[in-house]
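Colleague:
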Amino acid sequence: MQVNNTEFKPKIVAFCCNWCSYAGADLAGTNRLQYPADVKIIRVPCSCRVNPIFILRAFQRGADGVILCGCHPGDCHYTTGNYYARRRMTLLFSMLDYLGIEKERTRVEWVSAAEGAKFAATMNEFVQTVTKLGRNRKLEDLRCRK
Amino acid sequence: MDRETNRVREQVLRMSGVNVLKCMRCGKCSGTCPSYEEMDYHPHEFVYMVEKGEIDKLMASESVYKCLTCFACVERCPRGVEPAKLIEAVRLEMVRKQGQNRLKPDRIPALLDEELPQQAIVTAMRKYTK
Amino acid sequence: MIYSYYPGCTLKTKAKELDRYARRSAEALGITLNELPEWQCCGGAYTTAQDEIATKLASVRALAAAEQEGGELVTLCSACHNVLKRVNHDLLTDGEFAGKVNRYMNPEQPYGGKTKVVHYLELLRDTVGFDELAKKVVKPFTGKKIAAYYGCLLLRPGKVLAMDDPENPVIMEDFIRAIGGDPVIYPYRNECCGGYVTLEDQALAVKKSSAVMESAEGFGAELLITACPLCLYNLNKTDGFGTEVHYFTELLAEALGVKD
Amino acid sequence: MQRIGVFVCHCGTNIAGTVDVKAVAEALKSEPGVVFSTEYQYMCSEAGQNIIKNAIREHQLTGVVICSCSPRMHEATFRKTASAAGLNPYMVEIANIREQVSWIHKDMKAGTEKAIILGRAAIAKVSLNAPLIPGESPVVKRALVIGGGIAGIQTALDIADAGFEVDIVEKEPTIGGKMTQLDKTFPTLDCAACILTPKMVDCAQNEKIRIYSYSEVSEVKGFVGNFTVTIKKKARYVDELKCTGCGECTEKCPQKKVPNAFNLGLDNRRAIYIPFAQAVPKVATIDADYCNMLKNGKCGVCAKVCGAGAIDYKQKDSFIEERYGAIVVATGFNPIKLDAYEEYGYKQSKDVITSLELERLMNAAGPNGGTLLRPSDKTHPHTIVFVQCVGSRCDDGKGKSYCSKICCMYTAKHAMLIREKYPDTEVYVFYIDVRTPGKNFDEFYRRAVEEYGVHYIKGMVGKVAPQPDGKLLVQGSDLLADEQLRVEADLVVLAAAIEPDKTARSLGTMLTASMDTNDFFTEAHPKLRPVESPTAGIFLSGVCQGPKDIPETVSQAGAAASKVIGLLAKDKLTCNPCVAHSDEMLCNGCSACEKVCPYGAITYSDKEFRGPNRTTLIRRVASVNDAVCQGCGACTVACPSGAMDLKGFSNSQIMAEVDAICK
């Protein structure tokens, strides 16, 4: 595949919980399921570890999209962590939307350790959506740009 | 499955709202059906044959007119398949065709007797005509 | 207590007794049944096809009219009850269907399934109460072995009609006890009589109805009661059974002393 | 400043195939803090590990980044490597450049770029790592088994056999569970009592085993290795220590009309009773719902006839608190109620029974002394119909979606036993599928068909209609013959679905052990950790985890016991050091963290702090119990003042990763 240098490559940060989603991402790898290199994963113990500040920081530092993956509701390794994550993110995302960060740039997705295919499909789709939206100019701290 | 068969099949599935794939082939519908002996194709066969796309055979058979719509099969199906709705859809697919009304109004007077309630006539019209 | 009332076409013609005794009894029980002014025939059968709108509109009109007049609609004929309750259930649970209906009819007040469809038997059970009814009985059927015939329309599909356990109902047996009789429990009380197929294939209907009669008589029934004109017709078409079939309202009127 | 070493693995060609590993090692060399960077074919091999060890010593590394496969694969390996070289194992971070790069990207350039970025993120994180020392918590060397059926009994015996003390809590007056009600057991047809009662006696006589019968678990606190459990001993109105089990009271009690639960209500017992002759403990119990003395103070016969003076009408429920290192759930099952399936007429005819009722009817200790008679008129049935899958495999909103697993086999057993004992009886089995995956199971079923002449009919029964002459007309499908079959039967036996015991749900909540939608306990891993709950220290035995027959239950019970033994054999448990920690100087005592903690690991205390001008301030601050905290991090986000942080995944570490990725 020829990479076109003028083509916009989004920066995507994916927070994955250690027990389900990170394992799902591993499975996507084991099964050689392709998704764009634009996605970079940060491992956290649980989706509830993700502080809204991390997401603000990512956008500020130039991320174009942030996705949070956790265990399916009811399957959380810590019983209730993903419920906290869901509630916090619902609030955060609506605030971000208000600030002008389009809703499509943020997402919460439940991916189990068995859902490698879902992980890859989700990432493909998310990258596509964010690519269409283009660069995040609203929150990006220009001082952070090279 | 050719395109026409597939169209009819899709139409029947859409009309009935039945998911034939839920059937586990237990035959409880046919074990319960009060019209079983009058039918060539029985409730469980409706489910299986619609799945396979053999709807023309079902439409051509008398069985579609023998269903009493008593809903015993629907009530008792362990998988929630609702065969009666499927039979009704196959019948409607038939009678909705041009000139395929089962019950022509001029035939009715001969079928009446003194006590026959209106209910029977209107229901039959609903079931047999478009 | 005032309720809207939907008699249906059969009760105006071949099943006048079902209607007449119901009205007299209701009066005796202090219930006013206001017949809906402009009701149309429900069509006799509920069409299960999801693309059918037109065949359900007559029911919608009746239901919408009842909403304007208090929100509870009493039915008597099993077929009407089945159709009205199921159409109402569709309106309540299927937003797409309700939307189509309302767009088509374009009424002043959109109708969304708020009316409560109540069968006359439910009225006796839930509003009057069978214990209260028993107190008002002046001519009890003491010692009479009475078998209830439910048929299919009154009970199924159980999840929608939600009147009683569709496989082991008790409402009519409780009614029989209330008017002083001995209910006869027999397994075919909820099996089909043959229904509308009698028009085309009476032999089939006679076969089905005979099984019902045989089962009821086998368990010692001296009298059968039903709520459905078509059931009554089919049961009466059988041969070789001595048991009489009556509408339950006739027995009710007799027990309350308002038959004549 | 950290001194960081970077090690890039080729993983053969797995990584090197699509990532320019040399370029990665080279690029990361110039990152701040990096003093050493290299690549090697297999970092996880002994030679690879030696490279790491040598580099740690040679370059006095304080942090290590390994660019290799997933940390889920080799994090533990490399931590050990670091530890062996004298570095704190938590100073190791892994950049996953195999599962997240080489295996999913075909483009070498893009892959290499991403690998470098992931390496940078790991370097940024490790720069902020601090050495962590895992805490330890002691293990209470005693296990609790909840449920005293065959699952609980086997688990308890195996644990006791290894020399550990174990308590059984059983809600019924005797241990033994469902198996005590069975007649014979498939596929060998040995009698259930003959193989079970010796085990029950073993339990009673084993010095290591304590049985709390007629008791329930009412509260669970603590964590793996150190649970505190409150057990409620229900009042049985009989002093267990005094009662000799002579049974005099159970014969003299004037209240004779109590449905006998042990025989499923097929006959009656007295208000004071011993469930069956081999009960363990063999102690009488008074049924308070029926006892005249307890209800209105008029009777007292049992107290008069009791030579041991064991009757105590004033007995109250009592509570006992015990500490355990491990808990095994073995709460078992019950057949479902058949109210929703009245087409089979269970309520309408006495001769429509469940399979468990048939077990009692056929049992020598059952209501008919082992002679099979119909409940209605006590005559011998000549035609018997079995209906399979009643409430199993359902998607009708009334039954269970799963296969109950045991019915096919016990029905074959019933059919066979009946045909053997009463050859003049015709037996029909209506089935959807016959499922016999077990050792000697299919052979067993085939014997029922081929040697015993049981009629197997593929199809389901639609209706059971009682006839005036007392027969039952069974109407069903014979799908292979394509006909509607009618059988005039004398007895109809329904294979009712089984469901977890009703107590399981509340117990699951108490134990914070997860359950599925059917109230079966979920296992930590469906294949690789089948007897452990995801909650540490909770183990699963028997049908509480999913439908099982006796052989499977016993093997799972043994497996659960071995896991418990493995836990109790340790003197101390190593705790996960990546736990939450509160900075007391920042904490304002708001309780937000305490509310979101699923483990109750956070407590508050008033502490003295130095105030201005040599004053002393008392402030309420949070502290985390390292042994209880599991490290989810929920509290760190809830904390408004930023006092709460998670070791190993601190705010600054994750933000450093974010910065590195977005650079």
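Read top to bottom, the protein sequences are chains A, B, C and D. For what it's worth, the working numbering labels the leading residue of the first sequence as 858, then goes sequentially. For what it's worth, the working numbering labels the leading residue of the second sequence as 1353, then goes sequentially. For what it's worth, the working numbering labels the leading residue of the third sequence as 52, then goes sequentially. For what it's worth, the working numbering labels the leading residue of the fourth sequence as 104, then goes sequentially. Every residue, glycine too, gets a C-beta built ideally from N, C-alpha and C. Values in this document were obtained by computation on a predicted structure and should not be read as measured data.
Are the CB atoms of D:Leu-676 and D:Phe-267 nearer to each other than 8 Å?
Modeller: Not a contact, by the Cβ cut-off of 8 Å.
Colleague: State yes or no: is the C-beta of D:Lys-516 within less than 8 Å of the C-beta of D:Leu-292?
Modeller: Yes, these two residues count as a Cβ contact at 8 Å.
Colleague: At the 8 Å Cβ level, is C:Phe-181 part of the contact set with chain D, yes or no?
Modeller: It does not: the Cβ of C:Phe-181 has no partner Cβ on chain D nearer than 8 Å.
Colleague: B:Arg-1359 versus chain C: which residues are under 7 Å apart at the beta carbon?
Modeller: Result: empty, since nearest Cβ-Cβ is about 15 Å, beyond 7 Å.
Colleague: Run down chain D in chain order and give the residues with a C-beta less than 7 Å from the C-beta of B:Met-1376.
Modeller: Those are Arg-496, Ile-535, listed as they occur along chain D.
Colleague: Can you tell me the Cβ-Cβ gap for D:Gly-325 and D:Thr-331, rounded? I've got them flagged as a contact below 8 Å.
Modeller: Going by Cβ atoms, the distance from D:Gly-325 to D:Thr-331 rounds to 5 Å, so yes, they are a contact pair.
Colleague: Answer with yes or no whether the minimum CB distance from D:Gly-448 to chain B is below 8 Å.
Modeller: It does not: the Cβ of D:Gly-448 has no partner Cβ on chain B nearer than 8 Å.
Colleague: Please list the residues of the segment 1384-1401 of chain B that have a C-beta atom closer than 8 Å to any C-beta atom in chain D, keeping them in chain order.
Modeller: Those residues of the segment 1384-1401 of chain B that come within reach of chain D (Cβ to Cβ, closer than 8 Å) are Thr-1384, Cys-1385, Tyr-1388, Glu-1389, His-1394, His-1396.
Colleague: Kindly list the residues whose CB is nearer than 6 Å to the CB of D:Ile-219, restricted to its own chain and excluding five residues on each side of it in sequence; keep chain order.
Modeller: Taken in chain order, the residues that qualify are Val-127, Ala-130.
Colleague: Kindly list, in the order they appear in chain A, the residues whose Cβ is closer than 7 Å to that of D:Gln-733.
Modeller: The answer, in chain order, is Tyr-935.
Colleague: Would you say D:Val-564 reaches chain B, if we count a Cβ-Cβ gap shorter than 8 Å as a contact?
Modeller: Interface residue, yes.
Colleague: Answer with buried or exposed for A:Phe-872, where buried requires no fewer than 16 other C-beta atoms within 10 angstroms of its C-beta.
Modeller: A:Phe-872 should be labelled buried.
Colleague: Please list, in chain order, all residues of the same chain as D:Thr-457 whose beta carbon is under 6 Å from its beta carbon, the five residues on each side excluded.
Modeller: Hits under 6 Å: Pro-438, Leu-597, Ala-599.
Colleague: On the criterion of 16 or more Cβ atoms from any shown chain inside 10 Å, does B:His-1394 qualify as buried, or is it exposed?
Modeller: It counts as buried.
Colleague: Quick one: using the 10 Å Cβ neighbour count with 16 as the cut-off for buried, is B:Leu-1464 buried or exposed?
Modeller: Counting Cβ neighbours within 10 Å, B:Leu-1464 comes out exposed, since fewer than 16 surround it.
Colleague: Could you give the residue range of the alpha helix (DSSP H) that holds C:Ala-73?
Modeller: Per DSSP, C:Ala-73 belongs to the alpha helix (DSSP H) from 67-79.
Colleague: Starting from A:Phe-950, follow the beta strand (DSSP E) in both directions and report where the run begins and ends.
Modeller: Here A:Phe-950 belongs to no beta strand (DSSP E); instead the alpha helix (DSSP H) covers 938-956.
Colleague: Extract the residue ranges of the alpha helix (DSSP H) inside the segment 882-939 of chain A, only unbroken runs of 4 or more that lie entirely within it.
Modeller: DSSP runs (the alpha helix (DSSP H)) wholly in the segment 882-939 of chain A: 909-917.
Colleague: Quick one, are the C-beta atoms of D:Pro-237 and D:Asn-728 less than 8 Å apart?
Modeller: No. Outside cutoff.
Colleague: Does chain B have any CB closer than 8 Å to the CB of D:Gly-502?
Modeller: So, interface residue.
Colleague: Pull up the distance between the alpha-carbon of D:Pro-603 and that of D:Gly-435, whole angstroms please.
Modeller: Their Cα atoms are separated by approximately 6 Å.
Colleague: Just confirm the distance between the C-beta atoms of D:Cys-346 and D:Ala-265, as a whole number of angstroms; I'd bet it's less than 8 Å.
Modeller: The pair is not a contact, with the Cβ atoms about 32 Å apart (cut-off 8 Å).
Colleague: Which two residues bound the contiguous alpha helix (DSSP H) that contains C:Leu-184?
Modeller: 181-187 is the extent of the alpha helix (DSSP H) around C:Leu-184.
Colleague: Using the rule of at least 16 other Cβ atoms within 10 Å of the residue's Cβ for burial, across every protein chain shown, is D:Pro-629 buried or exposed?
Modeller: Exposed.
Colleague: Are the C-beta of D:Leu-582 and some C-beta of chain B separated by less than 8 Å?
Modeller: Yes - at least one Cβ of chain B is within 8 Å of the one on D:Leu-582.
Colleague: Could you work out which residues of chain B lie near C:Lys-67, taking near to mean beta carbons separated by less than 9 Å?
Modeller: Here the premise fails: no neighbours, minimum Cβ distance about 11 Å.
Colleague: Leaving out the 5 sequence neighbours to the left and right, which residues in its chain are closer than 8 Å to C:Asp-176 when beta-carbon positions are compared?
Modeller: Correcting the residue type first, residue 176 of chain C is Arg in the shown sequence and not Asp. Ile-222, Asp-225, Phe-226.
Colleague: Hey, how far is the Cα of D:Val-242 from the Cα of D:Lys-673?
Modeller: Near 7 Å, if we compare the C-alpha coordinates of D:Lys-673 and D:Val-242.
Colleague: Is the Cβ-Cβ distance between A:Glu-966 and A:Thr-979 less than 8 Å?
Modeller: Their beta carbons are under 8 Å apart, which means A:Glu-966 touches A:Thr-979 by this criterion.
Colleague: Could you tell me which residues DSSP puts in a beta bridge with D:Arg-782?
Modeller: Outside the shown range of chain D, which is 104 to 766, sits residue 782 of chain D, and nothing can be said about it.
Colleague: Ignoring anything shorter than 4 residues, give me the alpha helix (DSSP H) runs that lie fully in the segment 221-301 of chain C, in order along the chain.
Modeller: Within the segment 221-301 of chain C, the complete alpha helix (DSSP H) runs of at least 4 residues are 222-229, 253-269, 280-287.
Colleague: Is the separation between the beta-carbon of A:Asp-895 and that of A:Pro-867 shorter than 8 Å?
Modeller: Taking 8 Å as the Cβ cut-off, A:Asp-895 and A:Pro-867 qualify as a contacting pair.
Colleague: Can you name the residues that DSSP bridges to D:Gly-166?
Modeller: In the DSSP output, where bridge partners are listed per residue, D:Gly-166 has D:Ile-107.
Colleague: Using a beta-carbon distance below 8 Å, is C:Lys-259 in contact with chain B?
Modeller: So, interface residue.
Colleague: Got a sec: which bits of the segment 1458-1470 of chain B sit with their beta carbon under 7 Å from any beta carbon on chain C, in order along the chain?
Modeller: Against chain C - using a Cβ distance shorter than 7 Å - the residues of the segment 1458-1470 of chain B are Leu-1463, Glu-1467, Leu-1468, Pro-1469, Gln-1470.
Colleague: For D:Val-109, which residues from the same chain have a beta carbon less than 6 Å from its beta carbon, with the 5 sequence-adjacent residues on both sides left out?
Modeller: For D:Val-109, where only same-chain residues beyond five positions count, the Cβ hits under 6 Å are Leu-131, Val-137, Ser-140, Val-168.
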